[in-house]
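The structure appears below as structure tokens.
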């Protein structure tokens, strides 16, 4: 599983809106949508319900979001441990 795709999914989950999530991650909305669809295909489940007023999490999406938050925290800790000058929030 591609960590970047998980990051993009987490942004969509946080914002509840693909356009806002894409802007926050500095990519286009179509690129974000394509990445999330690829992640859904890899996992074999639907992560987001797409509607007129944004997106909401499916039960699978909720589970990935919970685990994804832990993964993000661990990545920040690893970066901070490997390069203390960078601090825990760099690159995340």
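In this note's numbering, the protein residues as written are 22 to 113. The C-beta atom is built at its ideal place from N, Cα and C for all residues, glycine as well.
From residue i to residue j, what does the alpha carbon distance come to, in whole angstroms?
| i | j | result |
| --- | --- | --- |
| residue 105 | residue 96 | 13 Å |
| residue 67 | residue 83 | 11 Å |
| residue 79 | residue 50 | 20 Å |
| residue 61 | residue 102 | 32 Å |
| residue 48 | residue 42 | 9 Å |
| residue 93 | residue 81 | 18 Å |
Using a Cβ-Cβ cut-off of 8 Å, state whether residue i counts as contacting chain D.
| i | result |
| --- | --- |
| residue 43 | Looking for chain D here will not work: only one protein chain is present. |
Looking at the strands, I want to know which residues DSSP matches up with residue i.
| i | result |
| --- | --- |
| residue 70 | 77 |
Considering only the beta carbon of each residue, do residue i and residue j sit closer than 8 Å?
| i | j | result |
| --- | --- | --- |
| residue 33 | residue 85 | no |
message: Could you check whether the region 23-36 touches the region 49-67, counting it as contact only if at least three pairs of C-beta atoms, one from each stretch, sit closer than 8 Å?
response: yes
field: the region 31-49 contacting the region 61-77, beta-carbon criterion three pairs below 8 Å
entry: yes
message: Which complete alpha helix (DSSP H) runs does the region 33-68 hold, if anything under 4 residues is left out?
response: 39-45, 50-64
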